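S.K.: Heads up, the sequence shown is in the working numbering, so the first residue is 53 and it goes up one at a time.
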Amino acid sequence: MHHPSSAMAAGLTLVREPYADPGPQWVVAQAEAELVVRYGYLHEGERGLTPGMFDPPAGAFVVARAGAAGPPIGGVGVRALDQEPGRGEIRRLWVDPDRRGEGLARRLMEAIEQVALDLGLTALKLITGPNQPEAVALYASSGWTPDPSNSASNGFRFTKELVATS
């Protein structure tokens with residue numbers, strides 16, 4: 053998937069890349085390092101992401117780059133949930149701290165939602181934590197529905213029904 057430069061900030065591209073490739077691996081490493089900084093550890097349930105989770109037909113990973121061959125500056129993955137046909141889960145949304153505030157996370161989420169539709173998914177879910185208020189604000193402002201049981205002690209769960217656009 054490639055968005056024309058007119059739809060993106062100058063020199064910015066969003067591309068689906070195999071999860072085992074260097075771009076997604078770098079993004080995931082940065083996201084996990086930031087989780088450790090924010091929470092003091094990486095929960096066991098957050099470990100062990102594999103290419104089988106994020107490569108078609110089970111999923112996909114989108115990387116934002118500064119230019120077609122530039123370094124990764126963000127990314128996000130989606131994976132189908134085996135136990136819930138038609139449903140997927142968003143994992144590892146991350147944007148370079150120097151590029152935050154430019155709307156890149158929102159564009160990544162829009163792109164991964166379209167990719168999820170292309171994979172045949174009709175609904176998505178995600179979990180974020182209390183030390184990520186900017187993520188909570190992003191999801192709340194972009195059509196994601198918060199779970200009624202959300203609390204700072206158990207994290208924030210969101211769901212979204214996907215609707216195909218023309």
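Ideal Cβ placement from N, Cα and C applies to all residues, glycine included. Since the model is a prediction, treat every value here as computed from it, not as a measurement.
Where do the ends of the alpha helix (DSSP H) carrying R158 lie?
M.R.: 156 to 170
S.K.: Quick check: the Cα distance between T174 and A121, rounded to an integer number of angstroms?
M.R.: 32 Å
S.K.: Given this structure, state the Cα-to-Cα distance separating G127 from P149, to the nearest angstrom.
M.R.: 13 Å
S.K.: Which ranges does the alpha helix (DSSP H) cover as unbroken runs of at least 4 residues, wholly within the region 79 to 116, from first to last along the chain?
M.R.: 103 to 106
S.K.: For W78, I'd like the list of residues in its chain whose CB is within less than 6 Å of its CB, leaving aside the five on either flank, ordered along the chain.
M.R.: P124
S.K.: V188 lies in the alpha helix (DSSP H); which residues open and close that run?
M.R.: 185 to 192
S.K.: Going by beta carbon distance, what residues of the same chain come within less than 7 Å of N206, once the five residues before and after it are set aside?
M.R.: none
S.K.: Do you know how far the Cα of D170 is from the Cα of A201?
M.R.: Checking the sequence shown, residue 201 turns out to be Ser, not Ala. S201 and D170: Cα-Cα distance of roughly 30 Å.
S.K.: Run through DSSP, which three-state label would R209 get?
M.R.: Strand, per DSSP.
S.K.: For Y93, count neighbouring Cβ atoms within 10 angstroms of its own Cβ and tell me buried if that reaches 16, exposed if not.
M.R.: Classified as exposed, Y93 has fewer than 16 neighbouring CB atoms from the shown chains inside 10 Å of its CB.
S.K.: Quick check on G75: does DSSP put it in helix, strand or coil?
M.R.: Helix at G75.
S.K.: Is there contact between the region 89 to 109 and the region 154 to 164, where contact requires at least three CB pairs shorter than 8 Å?
M.R.: no
S.K.: My understanding is that P182 touches A204, with C-beta atoms under 8 Å, so please give their C-beta distance in whole angstroms.
M.R.: 4 Å
S.K.: Looking at the ligand GTP, does it come within less than 8 Å of F208, judged from the CB to the closest heavy atom?
M.R.: Inclusion of the ligand GTP in the displayed structure is not the case, the ligand content being empty and no account of it being possible.
S.K.: Spatial neighbours of L176 within its chain, please: C-beta separation below 8 Å, excluding the five flanking residues on both sides.
M.R.: Excluding five sequence positions before and after L176, the CB atoms of its chain that fall closer than 8 Å to its own CB belong to V130, R139, G140, E141, I142, E165, A168, T211, K212, L214, given in chain order.
S.K.: Taking the continuous beta strand (DSSP E) assigned at R144, which residues delimit it?
M.R.: 139 to 147
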